[in-house]
Amino acid sequence: MQNGNKKDMTLEQFKEKEDKNNIINEHLNRPILGVAYLFGFLIMGLIVYILHFMIVEKDEVIANAANSRLDSFAADVVRGDIVTEDGKTIATSNDDERYYPYDNMFAHAVGFSKYTKAGIELVGNYYLLESHSNILERFINTLREDKNQGDTVVSTLNYDLQKKAYEALGNADGAVIVMEPDTGKILAMVSKPDFNPNDIDAVWEEANSENYTGSMLLNRATQGLYPPGSTFKVLTTLAFMRQNPRKFKDYHYNCANSEQIFNSVTVHCYGKKTHGEEDLSEALANSCNQAYADIGTGLDLGEWKETLESMLYNKNLPYTGASATSRFYLDKDSNSGYVPQTAFGQGDTLVTPLHNAMIISTIANGGLMMKPYMIDSVENYEGKLVKKFSPSSYDTLMTSDEVETLTEYMRKVVTQGTAADYFAGASYQAAGKTGTAEYADGEHDFSWFIGFADIEKPEVAVSIVIEESDVNGVKATSVARTLMDEFYRLKD
């Protein structure tokens, strides 16, 4: 009996030991199973990504302007044409030589394809070196060792608007951007000084010579950084509204003296004018520097910077071409002495004309910023559609109330403020902001205008800067009126 009990006890102990071992093994196996599941999940994710890349992103990645391997396509394809949205050929190939029928007029917008690439020649490089001609034709050309004809890039540029913008700038240096605010389509882009891309050999040699100090190859429209002048007051107004949501409409300032001191900085309005008693809308309409210096000294610098960065200062623009980054340097630790001039667009703040065009277009588009683009579609050389590009939004950057207020204030700029004389008698209702940015110790100035039309249904937005306007006499607001008139003439 005792031996039997001992055997029974041994079986119970054995079962207990087995149960413990099973529990231990289960705990030990959990990490292994976890790792196995993780690797399985990663492999499945990799498969999904590869399929997505091959089906959805392949063409976009290959078409990236930074892909230097694209040039190898030129061995089998004659580079395709670039045309305006209204059908004018603005770049073509003759015996593998690139030809630009309108010489300087589209120089920076279209760019060039030799030595390096720029403009649409860069952004559309992949499509220009693809051929979707008839498959039989391509087969025969391959047998003959002939090149196939590359596809045609249809740009968003409008020939008449581009011509008018180019002529309106005249001999002045500067830049013009004309955009559709609700799509982001760039209708015209002009930068001066310019160059003739048909003479790119001589141009390239001059631009890279040891003693050359010019900047004719720089696209000022997208890469030129300028002090924004009083166009910046639109964003200072926005920052003030956001920091004083219940009080900004009650703001008043008495511009009674030709000069006033703010934070040890002497401020005067343009031409040392005095504007008298003003509310916020009148301060913007009159472009009152003293009122905006007063507003700036009351802003929280950290929140001010947040507002500017929400509008893409200090950030890369959502634009596929080459562009510079606009700069706003103030923050919560900045010296208060920098505030007054910064508030009305002087100081160290810098902006590109493209960025200013995007800001004004965002207001025109109800607060939604659209990504600017210059390629509308791709066709084969016989005109058959290959690819269509659709408008793409970036983000909603303003509320409807903010847009409504800013539009009301900028309308007053055009009806009774600094732009009123220029837009008198217009067949459309425009809104905008003028700007004069002094440089070279106040000896010269940049003339600015940003604006849009029509108020009820915004269809066109402009951003214009003129260098040394005090010397050449060309005013940005005058150019804006010319371009808006042309836009609505073309619609009739």
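The numbers in our numbering rise by one with no breaks, and the one at position 352 of the sequence shown is 478. C-beta: ideal position from N, C-alpha, C; glycine also. Since the model is a prediction, treat every value here as computed from it, not as a measurement.
Quick check on residue i: does DSSP put it in helix, strand or coil?
i      : result
Ser595 : helix
Met524 : coil
Arg270 : helix
Gly206 : coil
Thr475 : coil
Gly561 : strand
Ala365 : helix
Thr357 : helix
Ala550 : coil
Ala587 : strand
Asp308 : coil
Lys514 : strand
Val187 : With a pLDDT of only 49 at Val187, under the threshold of 50, the placement of this residue in the model should not be trusted; the figure read from the coordinates follows. DSSP places Val187 in helix when its eight states are reduced to three.
Leu427 : helix
Arg372 : coil
Lys289 : helix
Met342 : coil
Thr468 : helix
Does the beta-carbon distance from residue i to residue j come in below 8 Å?
i      : j      : result
Tyr499 : Phe515 : yes
Ala291 : Val302 : yes
Thr278 : Glu505 : yes
Gly276 : Arg205 : yes
Gly471 : Thr544 : no
Leu494 : Ser519 : yes
Ala450 : Gln349 : yes
Ala469 : Tyr418 : yes
Ala557 : Val540 : yes
Val588 : Leu616 : no
Val316 : Val586 : no
Ser595 : Phe572 : yes
Ser413 : Tyr396 : yes
Report whether the distance from the Cβ of residue i to the nearest heavy atom of the ligand NAD is below 7 Å.
i      : result
Leu343 : As far as ligands go, the structure on display features none, and thus does not contain the ligand NAD.
For residue i, which of the options has the nearest alpha-carbon?
i      : options                        : result
Asn345 : His394, Gly245, Asn337, Asn370 : Gly245
Trp430 : Glu271, Asp325, Leu456         : Leu456
Glu528 : Asp459, Glu612, Gln369         : Gln369
Pro319 : Met524, Thr309, Gly340, Ala328 : Gly340
Ala550 : Ser526, Thr603, Val586         : Thr603
Gly433 : Phe454, Asp420, Asn442         : For the record, residue 433 in the displayed sequence is Thr; it is not Gly. Of the listed residues, the one whose Cα sits closest to Thr433 is Phe454.
Lys399 : Gln416, Val600, Tyr548, Asp286 : Gln416
Asp547 : Leu427, Ser407, Lys601, His401 : Lys601
Starting from residue i, trace the beta strand (DSSP E) in both directions and tell me its first and last residue.
i      : result
Gln386 : 386 to 388
Phe575 : 570 to 579
Asn220 : 215 to 220
Asp502 : 501 to 505
Asn380 : 378 to 381
Gly300 : 300 to 305
Thr348 : From DSSP, Thr348 is part of no beta strand (DSSP E) but of the alpha helix (DSSP H) over 346 to 349.
Asp405 : 402 to 405
Glu223 : 223 to 225
With a threshold of 16 other CB atoms inside 10 Å of the CB of residue i, please say whether the residue is buried or exposed.
i      : result
Lys184 : Because Lys184 carries a pLDDT of 48, less than 50, the predicted location of this residue cannot be relied on, and the following value inherits that uncertainty. Label assigned to Lys184: exposed.
Gly447 : buried
Gly561 : buried
Asp376 : exposed
Thr242 : exposed
Lys458 : exposed
Glu142 : exposed
Lys559 : buried
Val465 : buried
Ala411 : buried
Ala382 : exposed
Ala606 : buried
Arg372 : exposed
Grab the span of the alpha helix (DSSP H) containing residue i for me, first residue to last.
i      : result
Thr423 : 415 to 423
Leu620 : This structure leaves residue 620 out entirely; the chain is present only between 127 and 618.
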